[in-house]
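For the sequence shown, the positions run 4 to 367 when our numbering is used.
Every residue, glycine too, gets a C-beta built ideally from N, C-alpha and C.
Predicted, not measured: the structure shown is a model, and the values here were computed from it.
These notes are about the structure you will find just below.
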Amino acid sequence: MSMKISNVETFAVRVPREAGQELRENQGAGGSGADGSGATGQGAHGESPEPGATSPYFIPENRHAFKSDMHETLVVRLTTEAGLVGYGEGQSPILPDTTRTIVENLCRPVLIGADPFDVEFLWQQLFDGMRERGHPTGFYVDALAACDIALWDLKGKALDLPVHKLLGGRFRDRIEIYSGCAGRDPATAADRAERLVAAGYRGLKLSPSSDRAGTVAIARAVRERVGPDIAVMVDVHTEFDVAEAIRLGRELEALDIYWLEAPTLPEDLAGHAAVTRALDMHVANGEWYRTRFEMKEAFDRRTCDVVMPDIGRTGLTEGKRIAVLAETYNIPVSPHIGGGGVLATAATIQLSAAIPNFLIMEHG
């Protein structure tokens, strides 16, 4: 079967957050998910900010990373000469127009006229195109992820098969998921946890506080509220130094917290390895990595017990390669969902079904 791509369209999506203004004013609201982010689309909220306008981006006092008043992402639509359409998403929680520009000016010329069944070749061609120029990660690879997911979508539609069949087949019929659990104080977090458990979640991830005592207090309140049978994880967003992360982890172990996520700076591989060695609980990280080349050194140095590739950053092609590499190190995969929308989530479900070392998937 031969197909040719005839059009590549991009959509920088911006959806208002219901709590967007509160996010800025409180400098610390929110959890792992984006409450109030509904359907994707472009229009009044899909336009770029006007020059000189107040920026929608800011750094909260209690976090390192930029945040946005809007839920933002990038959608790519590929169309073949026969009219078949494939959709993909590249995670772009900040500056989706940057990712969009990369697709329009670099990816589009390569994809027009290409056969979507050549998905791995196209990924390699595009990746190599900026490798020597010093862009083997970041916005550029996020743009590749959007195109890659759309190519797999085209393949699945052309063959009338779910993508997990194309990735190697089904290892499971159901995907275990956990939810982010917002709450900056113990009572709020515990109330939220109780509602999520009542809704059916058996796993919860807290993003509680940038100080050790506050983090432990929130984790204790949630554990006491939900009981011993719910998996509780804690994400500290790289906020701690190594010694403090180890102290925090030991206190969380006493509460039967399943994992400590992103304990220290992403670049500090030795630090992550030290935390992993020191703790009996699992250490999870890896959402910032986009390729197996980055992952390999992290695995070699045993920087985590659980790896968390984000398919909105890796795409399906590289996401599957990362999972295969992780299996050779006996490391389970817990796919990360951080700022992506429905398309990235759907792609992540397909990957989760198609790998043997899947553990649990983030959702909401």
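If you draw a straight line from the alpha carbon of residue i to that of residue j, how long is it in whole angstroms?
i, j, result
"H48", "R17", "Note that H48 scores a pLDDT of 43, beneath 50, so its modelled location is shaky; the value from the coordinates is reported in the next line. Looking at the two C-alpha atoms, the distance is approximately 5 Å."
"D232", "E300", "35 Å"
"S210", "S5", "47 Å"
"L346", "P99", "15 Å"
"G318", "E107", "18 Å"
"G252", "R293", "26 Å"
"A234", "A190", "19 Å"
"A1", "R111", "As shown, the chain starts at 4 and ends at 367. That puts residue 1 outside it, with no answer to give."
"E365", "L87", "30 Å"
"T82", "I314", "22 Å"
"I180", "L207", "9 Å"
"G344", "D283", "34 Å"
"L170", "A216", "44 Å"
"L157", "Y204", "32 Å"
"M236", "L258", "11 Å"
"L77", "T279", "34 Å"
"D194", "V200", "10 Å"
"T295", "G342", "Going by the sequence as given, residue 295 is Arg instead of Thr. C-alpha separation (whole angstroms): 21 Å."
"Q3", "D151", "What is shown of the chain runs 4 to 367, which leaves residue 3 out entirely."
Tell me which residues share the same chain as residue i and place their Cβ nearer than 7 Å to its Cβ, disregarding the 5 neighbours each side in the sequence.
i, result
"A356", "H167, R173, F174, R175, I178"
"T241", "H67, A265, T267, L268, P269"
"N288", "E264, A265, H275, T306, C307, M311"
"A192", "C184, G186, L209, P211, I221, A224, V225"
"G116", "K7, I8"
"A277", "V245"
"I363", "E179, I180, Y181, G206, S337"
"W262", "M236, M284, H285, V286, A287, V309"
Apart from the five residues on each side of it in sequence, which residues of its chain come closer than 6 Å, Cβ to Cβ, to residue i?
i, result
"L114", "I8, V11"
"Q353", "V166, H167"
"L154", "P119, V122"
"I62", "F69"
"T393", "Residue coverage of the chain in this structure runs from 4 to 367, which leaves residue 393 outside it and unanswerable."
"A326", "V336, I358"
"V229", "A196, V200"
Restricting to Cα atoms, I'd like to know which of the options is closest to residue i.
i, options, result
"E297", "L354, R324, C184, F14", "R324"
"A85", "Q128, K160, H275", "K160"
"D244", "D271, T218, L81, Y261", "D271"
"M133", "V229, P96, I105, D194", "I105"
"L109", "D145, L162, G89, S58", "D145"
"Y143", "R198, D163, S95, L169", "S95"
"T351", "V78, N333, R316", "R316"
"D214", "T57, N65, F14", "N65"
"V286", "V239, A196, G322", "V239"
"L162", "G89, Y60, Q128", "G89"
"W291", "T76, T140, T101, Q128", "T140"
Going by beta carbon distance, what residues of the same chain come within less than 8 Å of residue i, once the five residues before and after it are set aside?
i, result
"A329", "M298, F302, V310, P335, V336, N360"
"G46", "Note that G46 scores a pLDDT of 35, beneath 50, so its modelled location is shaky; the value from the coordinates is reported in the next line. Nothing meets the Cβ criterion."
"R273", "Here the sequence assigns Ala to residue 273, which means Arg is not the residue at that position. Around A273: R304."
"T348", "I340, H366"
"V219", "L251, E254, L255, L258"
According to DSSP, simplified to helix, strand and coil, what is residue i?
i, result
"K70", "strand"
"S95", "coil"
"M311", "coil"
"P165", "coil"
"L362", "coil"
"K323", "helix"
"G159", "helix"
"E270", "coil"
"H339", "strand"
"L207", "strand"
"D244", "coil"
"Y143", "helix"
"G367", "coil"
"T191", "helix"
Taking the beta carbon of residue i as the centre, do at least 16 other beta carbons fall within 10 Å, making it buried, or is it exposed?
i, result
"E92", "buried"
"F130", "buried"
"T320", "buried"
"F124", "exposed"
"I260", "buried"
"G137", "exposed"
"S58", "exposed"
"A248", "buried"
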